[in-house]
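Working notes, structure below.
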DNA sequence: CTGAAAGCGCTAACAG
DNA sequence: CTGTTAGCGCTTTCAG
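Protein chains in written order, with this note's numbering: chain A, 43 to 382; chain B, 43 to 382.
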């Protein structure tokens, strides 16, 4: 079997406590002893049993991350960021798929399997405001996303309204006045779509531009194909527009594609902006201007928050943290020099 | 603190052994006792401590999955499949990022953190054949991918050569004779690029079509933009072609894009096929014909293999398992009815 | 059919 | 500065 503290202790001719002290960098160990123990550890290739350590310490060193599915780019990149942030502080991440299904999300919250983790970073898609109370759990839980606000836990999300407003203002700053929106959800108030549409309207209002319902294209899902279909709708509607705000990058990419097929040139005829700053947006043709919603900050803060709640901050009031956003200017909104 | 076996035992008026028996569905428990214990469990909302169970049983219920990064769609979807497969048999998955870096991959193999898992599903990108011996480890390890063959562990991968050959034959079957390849790697023999190019050449040979070096476009990375750039190269090369084989979907998607911009119609002027069957290939315009490399089967088999190696099959000789592939026909290779 | 008790490998009081 | 010892919560012989 695997080598234990006892084996090392015997080999080094000390007690297991001393070995433990060396391993945990406990200061009061004589140098000679320390090196002797170190040698024994190396010789035997001793590796601590993390399970035993967990049982003793009550910590597992693992964080659960529950999200809809990794085949959605946004969540894949979110997971990547969370794993990286966790790794930086020596934690590992267990990923759980909910499929965006409300029942599975609720189930997740009380799952046995959660017991092997120190906390849960939870990104629901199916749950709504009416489920907020269910987030009251006895372990560190951090909520992500735009489905539930004002819940009983720390909530880390992006400045959807402000960022969408800034994105729209960016287009307005380019001289655009007829700005189409791709991916809106009918009658949604919270939720990414609702909040971002609010930001859009705020920017319009501030600039004195009238809101035109005909410029809004609705989709239920946010895949590339939905962006494409929405753009087809817009083109058929025969309404003029000189810019497009894709409510996320995937939509914008799909819309951009159809725009180009229709013979319009981006960014000369139409400027396009997205939201999410996915990796692939950097590589599209033209590259896509987008809103970086601060994913790494969200990930880092989420992990940090779990750790804080673990050691003593259990009773601090729930916090609402909004990550800083940033417009990433790329080719799709380049200023075009027109010869006059 | 949390409720333990003792608490339940006390509440039910039995010993902890009996409670344990009930929890583990041990058959020889009197019905009356069983229900009494069940009630106590419900009343106290008892949940077993998985860490303690792990310490005792020597199993953690978690599998590690080491891969380059989740922002690459292929790996995101692979991870999704592995998580799903693991979930089906009650295991969770810890994802580790290597960035495709050889040193980090080697490090992964001996990491302390691996100790919290029952085994490792390992998808290297930086390591090569010369590192095969490093895969000799004392825990269940399953190798994925095309970097190392004939190593000391179970290896699950796809039929790269056969599938690439079938993809090429699919194009030939459409009447195509000048088939360009996007994403080749210079002088590579193993590795996805090398193997798939071999399959391509086999199909050509079998059909009596001469290999033309000018139809091969090389790229180092396999992003969309690389597919686009490669296609630009091909077009500038001024060489005729009537079909494109993207060595993966991402490349094919990028290439398709540039083809369309150049005024060529897919599939009328040029047929395009990819490799990987990513989710997004279903939603492109036109939708992309591709090779489904059997990702779910790979994931399922990998998880299964870890479990088998855990209980007794330690000494079975390493197996090389190739998943079944399948051509997924979509619009990009639709047969075009030409009026003659 | 059920109970007592040992022990998985580790950490942390508490002694010395 | 180092050793002894008592558990963390569970499973599992071994007795009854």
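For every residue, glycine included, the Cβ atom is placed at its ideal position computed from N, Cα and C.
- Residue 372 of chain A and residue 117 of chain B have their C-alpha atoms roughly 27 Å apart.
- In the DSSP annotation of this structure, residue 362 of chain A is not part of any alpha helix (DSSP H); the continuous beta strand (DSSP E) holding it starts and ends at 362 to 365.
- In this structure, DSSP gives residue 260 of chain A an extended state, which the three-state scheme calls strand.
- At least one C-beta of chain B is nearer than 8 Å to the C-beta of residue 89 of chain A.
- For residue 186 of chain B, the secondary structure class from DSSP, reduced to helix, strand or coil, is strand.
- The C-beta of residue 74 of chain B has fewer than 16 other C-beta atoms within 10 Å across all chains shown, which makes the residue exposed.
- Partner residues in the beta bridge of residue 226 of chain B, as assigned by DSSP, are B:260.
- Per DSSP, residue 376 of chain B lies in no alpha helix (DSSP H) segment and is marked neither H nor E.
- In this structure the stretch 203 to 210 of chain A does not touch the stretch 171 to 189 of chain A; the number of beta carbon pairs closer than 8 Å is below three.
- Pairing residue 213 of chain B with residue 143 of chain A, the inter-Cα distance amounts to about 40 Å.
- Contiguous beta strand (DSSP E) elements confined to the stretch 191 to 254 of chain B occur at 196 to 200 and 221 to 226, taking only those with 3 or more residues.
- For residue 285 of chain B, the enclosing beta strand (DSSP E) covers residues 285 to 288.
- Residue 192 of chain B and residue 231 of chain B have their C-alpha atoms some 14 Å from each other.
- The way I'd put it, the stretch 285 to 294 of chain B does touch the stretch 314 to 322 of chain B; three or more beta-carbon pairs between them come closer than 8 Å.
- Here the stretch 78 to 86 of chain A does not lie against the stretch 129 to 144 of chain A, with fewer than 3 beta-carbon pairs under 8 Å apart.
- Residue contact with chain B for residue 136 of chain A: present (Cβ-Cβ distance below 8 Å to some residue of chain B).
- Rounded to whole angstroms, the separation of the alpha carbons of residue 86 of chain A and residue 45 of chain A is 7 Å.
- For residue 164 of chain B, the pairing in a beta bridge is given by DSSP as B:108 and B:185.
- In this structure residue 119 of chain A is buried. Its beta-carbon is surrounded by 16 or more other beta-carbon atoms within 10 angstroms.
- Straight-line measurement puts the Cα of residue 335 of chain A at about 26 Å from the Cα of residue 172 of chain A.
- Looking only at A:233, A:202 and A:266, the smallest Cα-Cα distance to residue 224 of chain A is reached by A:266.
- Pairwise C-beta distances place the stretch 330 to 350 of chain B out of contact with the stretch 268 to 284 of chain A, as fewer than three of them are shorter than 8 Å.
- Rounded to whole angstroms, residue 196 of chain B and residue 113 of chain A show a C-alpha spacing of 26 Å.
- From the beta-carbon of residue 93 of chain A, the residues of chain B found nearer than 8 Å are 93, 96, 97, 102, 157 and 158.
- Linking residue 148 of chain B to residue 176 of chain B through their CA atoms gives a straight-line distance of about 7 Å.
- Residues of the same chain with a CB within less than 7 Å of the CB of residue 308 of chain A, apart from the 5 flanking positions on each side, are 298, 301, 302, 314, 328 and 374 in chain order.
- In this structure residue 194 of chain B is in contact with residue 178 of chain B, their Cβ atoms being roughly 5 Å apart against a cut-off of 8 Å.
- In the DSSP assignment, the residues bridged to residue 313 of chain A are A:285.
- In the displayed model, residue 332 of chain B falls within a strand according to three-state DSSP.
- Taking the CA atoms as reference points, residue 68 of chain A sits about 33 Å from residue 339 of chain A.
- Inter-residue distance for residue 51 of chain B and residue 60 of chain B is about 8 Å (C-alpha atoms, whole angstroms).
- Closest in alpha carbon position to residue 99 of chain A, among A:365, A:362, A:369 and A:353, is A:353.
- Within the same chain, and ignoring the five residues on either side of residue 235 of chain A in sequence, the residues whose Cβ sits closer than 7 Å to its Cβ are 225, 226, 227 and 289.
- According to the DSSP assignment, residue 138 of chain A belongs to the beta strand (DSSP E) that extends over 134 to 139.
- Contact residues of the stretch 359 to 379 of chain B toward chain A are absent (C-beta to C-beta distance below 7 Å).
- Residues of chain A with a Cβ closer than 9 Å to the Cβ of residue 119 of chain B are, in chain order, 112, 113 and 118.
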